[in-house]
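What follows is a set of notes on a single structure, which appears directly below.
There are 2 protein chains.
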Amino acid sequence: MVTEDADRADALFHALADRTRRDILRRVLAGEHSVSALAAKYDMSFAAVQKHVAVLERAGLLIKRRSGREQLASGDVAAVRSVASMLTELEQIWRGRIARIDLLLSSDPDSDSDQED
Amino acid sequence: MVTEDADRADALFHALADRTRRDILRRVLAGEHSVSALAAKYDMSFAAVQKHVAVLERAGLLIKRRSGREQLASGDVAAVRSVASMLTELEQIWRGRIARIDLLLSSDPDSDSDQED
DNA sequence: TCATCGTACAACCAATCGGTTGTAGGTTGT
DNA sequence: ACAACCTACAACCGATTGGTTGTACGATGA
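These protein sequence lines are chains U and E, in that order. Take 6 as the starting number for the first sequence in my numbering and just add one per residue. Take 6 as the starting number for the second sequence in my numbering and just add one per residue.
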């Protein structure tokens, strides 16, 4: 369970770690686009864009829907939020550190025995 | 300027796209740790951990401070927040799409001329 | 029916990644 | 002075990445 979470986090951050994929994600969050329509926007082969879309899809950031011979892709905002919540978790860890520091500073400065570990 | 932003986003997401680096980041957000102390926590060579720390540092997620012969690393919560704000921007794009859909649904259904490119 | 479009995927390639070992330099304590 | 410690970095290696071209297949429209 912990590994699957890490796998998912790996996939999400990796999918976001490429500017072309981030740009594709922006477009499909703004509205549905076929893979061809997306490919037309970039100075690279159709296959390259199709692979980027597949990476986003595997990470769960993008969902495809068939419409005739086209695949319409749209962004999944829930996945974006799940990444944001991972960052919030990190920030909470930092807050805990600050809280510990504040506690130390506010405790009796003459005390030399209120620490642990 | 747009390229530098993208470079920075690439570096940030790439730094986060590895579970060992995310774990290191959690530790250094919770408090300062020397590179050796960090390396002792993982089942890999010191050099491997040192490289992970360097990746986090280059991305700006981690700051090092010299103390004697040790390098004390601590996480930079501002960088974490900057990543979170990128995700918020993505969510805003999605909100715009929803707003546009709502607008369409609430406009006169008989109208066939209230769209734009 | 058949040419065309939209898509998926395989095979390949250079570059990068995540790991290793080895070397070297600065700091510390005796 | 010197041994031990902490760190940085180079060189190397197998795996993965981001790109290419080529092929194949289902859906569409004349």
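C-beta atoms are modelled at their ideal positions from N, C-alpha and C, and glycine is treated no differently.
Contact with chain U by residue i, beta-carbon distance below 8 Å
{"i": "F18(E)", "result": "yes"}
{"i": "G65(E)", "result": "no"}
{"i": "L110(E)", "result": "no"}
{"i": "L61(E)", "result": "no"}
{"i": "L30(E)", "result": "yes"}
{"i": "R27(E)", "result": "yes"}
Below-8 Å beta-carbon distance, residue i vs any chain E residue
{"i": "A89(U)", "result": "yes"}
{"i": "R136(U)", "result": "Because chain U in this structure spans residues 6 to 122, residue 136(U) falls outside the shown range and cannot be described."}
Of the residues the options, the one placed nearest residue i, counting alpha carbons only
{"i": "S39(E)", "options": "R70(E), A84(E), Y47(E), V60(E)", "result": "R70(E)"}
{"i": "L30(E)", "options": "A78(E), M49(E), S111(E)", "result": "A78(E)"}
{"i": "R63(E)", "options": "R24(E), A84(E), G73(E)", "result": "A84(E)"}
{"i": "D10(E)", "options": "E94(U), R27(U), M6(U), D81(U)", "result": "R27(U)"}
{"i": "A53(E)", "options": "V33(E), E37(E), L66(E), T25(E)", "result": "T25(E)"}
{"i": "G101(U)", "options": "L67(E), V82(E), M49(E)", "result": "V82(E)"}
Straight-line gap, residue i to residue j (C-alpha atoms, nearest Å)
{"i": "L17(E)", "j": "L92(U)", "result": "12 Å"}
{"i": "E96(U)", "j": "S112(E)", "result": "42 Å"}
{"i": "A59(U)", "j": "R105(U)", "result": "44 Å"}
{"i": "Y47(U)", "j": "T8(E)", "result": "16 Å"}
{"i": "L108(U)", "j": "S90(U)", "result": "26 Å"}
{"i": "Q76(U)", "j": "L61(U)", "result": "14 Å"}
{"i": "V88(E)", "j": "S72(U)", "result": "34 Å"}
{"i": "G80(E)", "j": "G65(E)", "result": "9 Å"}
{"i": "A35(U)", "j": "A45(E)", "result": "46 Å"}
{"i": "A14(E)", "j": "A22(U)", "result": "7 Å"}
{"i": "I103(U)", "j": "Q55(U)", "result": "45 Å"}
{"i": "R32(U)", "j": "F51(E)", "result": "42 Å"}
{"i": "A20(E)", "j": "L110(E)", "result": "42 Å"}
{"i": "R86(U)", "j": "E94(E)", "result": "11 Å"}
{"i": "A42(U)", "j": "R74(U)", "result": "13 Å"}
{"i": "M49(U)", "j": "M6(E)", "result": "23 Å"}
{"i": "I68(U)", "j": "D12(E)", "result": "27 Å"}
{"i": "E37(U)", "j": "W99(E)", "result": "11 Å"}
{"i": "H57(E)", "j": "H57(U)", "result": "26 Å"}
Backbone secondary structure at residue i - three-state DSSP
{"i": "S39(E)", "result": "strand"}
{"i": "T25(E)", "result": "helix"}
{"i": "G80(E)", "result": "strand"}
{"i": "S69(E)", "result": "It should be pointed out that residue 69(E) corresponds to Lys in this sequence rather than to Ser. Strand."}
{"i": "D119(E)", "result": "Below a pLDDT of 50, predicted positions are generally treated as unreliable, and D119(E), at 47, falls in that range; no measurement from the model is reported."}
Chain-ordered chain U contacts of residue i [CB-CB under 8 Å]
{"i": "D15(E)", "result": "A22, D23, R24"}
Chain U residues whose Cβ lies nearer than 9 Å to that of residue i
{"i": "E96(E)", "result": "L34, V82, V85, R86, A89"}
{"i": "L92(E)", "result": "L21, V85, R86, V88, A89, L92"}
Residue i: contacting residues in chain U (beta-carbon distance under 7 Å)
{"i": "A11(E)", "result": "R24"}
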